[in-house]
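Quick notes on the structure that follows.
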Amino acid sequence: MTRRGWGWPVVTAVLVVALILPLYWAVLSSLTPESRLFAAPSLVPRALVLTHYRALFEEHDFWVPIVNSLVVAGVTTVVSVVLGALCAYAAARLRFRGKAPLLAFVLAVSMFPQIAIVSPLYVVLRAAGLLNSYPGLALPYLSFAMPLTIWLLVGYFRQLPSDLEEAALVDGAGRLQAFREILLPLAWPGLATTAILTFLYSWNEFLFALSFTLGPERYTVPVAIALFRGQYQVPWGQILAGAIVATVPVAAVVVVAQRRIVAGLASGAVKG
Amino acid sequence: MSAIALRGVSKAFPGGLAVRDVSIEIADGELLVVLGPSGSGKSTLLRLIAGLDEPTAGRIHIGGRDVTSDPPQARDLAMVFQNYALYPHKTVRDNLAFGLRMRRVDAAEVAARVDNAARLLGIDALLERKPAQLSGGQRQRVALGRALVRQPRAFLLDEPLSNLDPVLRASTRAELALLHRRLGTTMVYVTHDQEEAMTLGTRIAVMRDGRLEQLDTPLEVFRRPANVFVARFVGSPAMNVWRSDGRDLGIRPHDVEVMPPGAGDVDGQVEVVERLGTATLVHVRADRPDSELVRVVVAADRAIAVQERVGLRLRPDRLHYFDERTGERISVEADL
Numbered sequence: 000m001t002r003r004g005w006g007w008p009v010v011t012a013v014l015v016v017a018l019i020l021p022l023y024w025a026v027l028s029s030l031t032p033e034s035r036l037f038a039a040p041s042l043v044p045r046a047l048v049l050t051h052y053r054a055l056f057e058e059h060d061f062w063v064p065i066v067n068s069l070v071v072a073g074v075t076t077v078v079s080v081v082l083g084a085l086c087a088y089a090a091a092r093l094r095f096r097g098k099a100p101l102l103a104f105v106l107a108v109s110m111f112p113q114i115a116i117v118s119p120l121y122v123v124l125r126a127a128g129l130l131n132s133y134p135g136l137a138l139p140y141l142s143f144a145m146p147l148t149i150w151l152l153v154g155y156f157r158q159l160p161s162d163l164e165e166a167a168l169v170d171g172a173g174r175l176q177a178f179r180e181i182l183l184p185l186a187w188p189g190l191a192t193t194a195i196l197t198f199l200y201s202w203n204e205f206l207f208a209l210s211f212t213l214g215p216e217r218y219t220v221p222v223a224i225a226l227f228r229g230q231y232q233v234p235w236g237q238i239l240a241g242a243i244v245a246t247v248p249v250a251a252v253v254v255v256a257q258r259r260i261v262a263g264l265a266s267g268a269v270k271g
Numbered sequence: 000m001s002a003i004a005l006r007g008v009s010k011a012f013p014g015g016l017a018v019r020d021v022s023i024e025i026a027d028g029e030l031l032v033v034l035g036p037s038g039s040g041k042s043t044l045l046r047l048i049a050g051l052d053e054p055t056a057g058r059i060h061i062g063g064r065d066v067t068s069d070p071p072q073a074r075d076l077a078m079v080f081q082n083y084a085l086y087p088h089k090t091v092r093d094n095l096a097f098g099l100r101m102r103r104v105d106a107a108e109v110a111a112r113v114d115n116a117a118r119l120l121g122i123d124a125l126l127e128r129k130p131a132q133l134s135g136g137q138r139q140r141v142a143l144g145r146a147l148v149r150q151p152r153a154f155l156l157d158e159p160l161s162n163l164d165p166v167l168r169a170s171t172r173a174e175l176a177l178l179h180r181r182l183g184t185t186m187v188y189v190t191h192d193q194e195e196a197m198t199l200g201t202r203i204a205v206m207r208d209g210r211l212e213q214l215d216t217p218l219e220v221f222r223r224p225a226n227v228f229v230a231r232f233v234g235s236p237a238m239n240v241w242r243s244d245g246r247d248l249g250i251r252p253h254d255v256e257v258m259p260p261g262a263g264d265v266d267g268q269v270e271v272v273e274r275l276g277t278a279t280l281v282h283v284r285a286d287r288p289d290s291e292l293v294r295v296v297v298a299a300d301r302a303i304a305v306q307e308r309v310g311l312r313l314r315p316d317r318l319h320y321f322d323e324r325t326g327e328r329i330s331v332e333a334d335l
């Protein structure tokens, strides 16, 4: 950036502070003893303790919601990316009747407000005996994750040169072989991005998780944290500790996958 | 029996007809050059043969079998793409081996054939590299190699030399001719470069607007162009064509002689002199109302200057006559 002056640095600084401050505040508070939480607020930590974290795992057995969330979000992500990639490939490369309406329909599915379909889904899941189960959460998540996946990947596949697959077809590969051997390896960055977004969505989802789980043994992280509040008091320290714990896997996923996303694998495919 | 036969093939796209009723029989071992300007449908024709597009009408036969609705992988052809289309995530070795692997050739045989093709093309030192680490010329060789190892029924080449610099293009052109002679495999070669067409082809198919304008040996296309379009498109420098007495007359720059003023069929003034080294190209403005510049090729050592007055003699046996309205060749007078 060659633009001079102090305008941009100031705007950037304000944005960074606005984004970082709440996170910092949460980390700080989760390490502050309960007794000091409501003392005069300070940005500089004075006494740091791990009591909230200890309480989180000892009193509340926070491992259970973490495992639940990992299972549900992981299954949703894997299924949605695998199926979504196949659908997106067909939509991006094959010619068939009614493709445009089909894609529009897929998009329309994701446009229903969540709250509008909670009750019907509840009835369906109860009839299927899937309430309070992993599939009972992963399936509704898929209904939202798949359209997102398909649309992201269709866009991504379309921008990859089709010459490469055509070369593979002439070379004797079938459609699926060309997809697996040529397109998938080149589409890694797109797949990683899509997987991260899907994972984030499923990890953070609250409404379905609250509605379709019945007891602590199936609570996901957001539900567990929300239900910490007792009848007479709100354990802010533990809630914040839980929030920090919930952020860690997400941050880890982004940091690990970032490299993949940035690496432009498609360079050198064609001339230039 | 012909290696590849197109019978009344047409291809319609939403924008219009890309190929119109083309019929060609390509003999076994032939190197057919499909020549035409951009948008003439020549690349579409190649894609139809490869099976990457399906014709709207007509049939395509390969080796006597109707393959019109067969997918590309069932046709046993190899194609070299204009931009090479190398698999960027695979090494050169894996690029070459891919087609064989897909056809379940056993590993030892694959290795032998890859090494063989790499040696033939002088790329054996590059086998472990990725395409991004290669120069343009090297990529082009890998693309050729990928076609070679397959030992396919026929090669399809889509402007394979157009991305190379002129020096490399000339040497690769000669190598391709050598390769074709050595392998004896049928080739269909698409280009917009009439020089490539003339030097490489056993026959040339000239295309315009999706139509086959002429199909003949290079010399025949050069000597007896079927219409004004072919006459102007094939041959360098381009043929002079002008209108006279209700028909179009054409003569190649080599068939015009420069004489002293008054000694030829028409006088004129030299406007431009282009010294090419091997010959000199002279543009002469004839003394006629609204005359275009006439291109004349003279010997390189001939002294000739801009503004000079000259006479032009047209060799009468080399004149081409075309119908003014249709542009088709009129054969009566000149073709004896």
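Chains A and B, in that order, give the protein sequences. For the first sequence, numbering that gives the first Met the number 0 gives the first residue as 0, with consecutive numbering after it. For the second sequence, numbering that gives the first Met the number 0 gives the first residue as 0, with consecutive numbering after it. Ideal placement from N, C-alpha and C gives every residue a C-beta, glycine not left out.
As computed with DSSP, B:Ile250 is found in a beta bridge with B:Asn239. Listed along chain B, the residues sitting closer than 7 Å to A:Gly171 by beta-carbon distance are Gln72, Gly98, Met101 and Arg102. Under DSSP, the beta-bridge partners assigned to B:Gln213 are B:Val205. Contact of B:Tyr188 with chain A is not assigned, every C-beta pair being separated by 8 Å or more.
Residue environment for A:Gln158: exposed (fewer than 16 other C-beta atoms within 10 angstroms of its C-beta). In chain A, no part has a C-beta under 8 Å from the C-beta of B:Ala2; the shortest such distance is about 16 Å. Unbroken alpha helix (DSSP H) runs of no fewer than 4 residues, entirely contained in the stretch 62–109 of chain B, are found at 91–101, following chain order.
By the C-beta density criterion, A:Ile238 is buried, having at least 16 other C-beta atoms within 10 angstroms. Under the three-state reduction of DSSP output, A:Glu165 falls in the helix class. Less than 8 Å divides the Cβ of B:Lys10 from the Cβ of B:Leu47. Per DSSP, the continuous beta strand (DSSP E) segment holding B:Lys10 begins and ends at Ser1 to Phe12. In the DSSP assignment, A:Gln158 falls within the unbroken alpha helix (DSSP H) covering Tyr133 to Gln158.
Counting only the Cα atoms, B:Pro130 lies some 42 Å from B:Pro224. Using a Cβ-Cβ cut-off of 8 Å, B:Asn82 counts as an interface residue toward chain A, since at least one Cβ of chain A sits closer than that to its own. Residue state for A:Phe95 is assigned as coil, using DSSP reduced to three classes. Counting along the chain, no alpha helix (DSSP H) covers B:Thr279; the unbroken beta strand (DSSP E) around it starts and ends at Ala278 to Ala285.
For A:Arg228, the three-state secondary structure derived from DSSP is coil.
In the structure shown, B:Met186 adopts extended strand secondary structure according to DSSP, grouped into three states. In the three-state reduction of the DSSP assignment, A:Phe61 falls in the coil class, being assigned neither a helical nor a strand state.
Between B:Arg64 and B:Arg6, the CB-CB gap reaches or exceeds 8 Å. Neighbours of A:Leu190 in chain B, taken as residues whose beta carbon is under 9 Å from its own, are absent, since the nearest beta carbon is some 14 Å off. With respect to the C-alpha of B:Asp208, the residue from B:Ala2, B:Ala17, B:Ser1 and B:Ile3 having the closest C-alpha is B:Ala17.
Under the 10 Å beta carbon count, B:Asp52 is surrounded by 16 or more other beta carbons and is classified as buried. Within the stretch 158–169 of chain A, contact with chain B at the beta-carbon level (separation under 8 Å) is assigned to Pro160, Asp162, Leu163, Glu165, Ala166, Ala167, Leu168 and Val169. Any Cβ of chain A closer than 8 Å to the Cβ of B:Leu31 would place that residue at the interface, and such an atom is absent. Rounded to whole angstroms, the separation of the alpha carbons of A:Trp24 and A:Val43 is 10 Å. For A:Ser210, the enclosing alpha helix (DSSP H) begins and ends at Leu206 to Phe211. Annotation: A:Leu42 has no Cβ neighbours in chain B at a cutoff of 9 Å; minimum Cβ distance is about 49 Å. No Cβ-Cβ contact shorter than 8 Å links B:Arg294 with B:Asp254.
Annotation for B:Pro260: Asp266, Arg308, Val309 and Gly310 place their beta carbon closer than 8 Å to its own, counting only its chain and skipping 5 residues before and after. Proximity of the stretch 118–137 of chain B to the stretch 187–202 of chain A falls short of the contact definition, fewer than three beta-carbon pairs being nearer than 8 Å.
DSSP, read as helix, strand or coil, puts B:Asn115 in helix.
Contact annotation for B:Leu76 against chain A: Val169 [CB-CB distance below 8 Å, chain order]. With 16 or more other Cβ atoms from the protein chains shown falling within 10 Å of its own Cβ, A:Leu190 counts as buried. Per DSSP, B:Leu318 is not a residue of any beta strand (DSSP E), being assigned neither H nor E. Taken through DSSP and simplified to helix, strand or coil, B:Ala17 comes out as strand.
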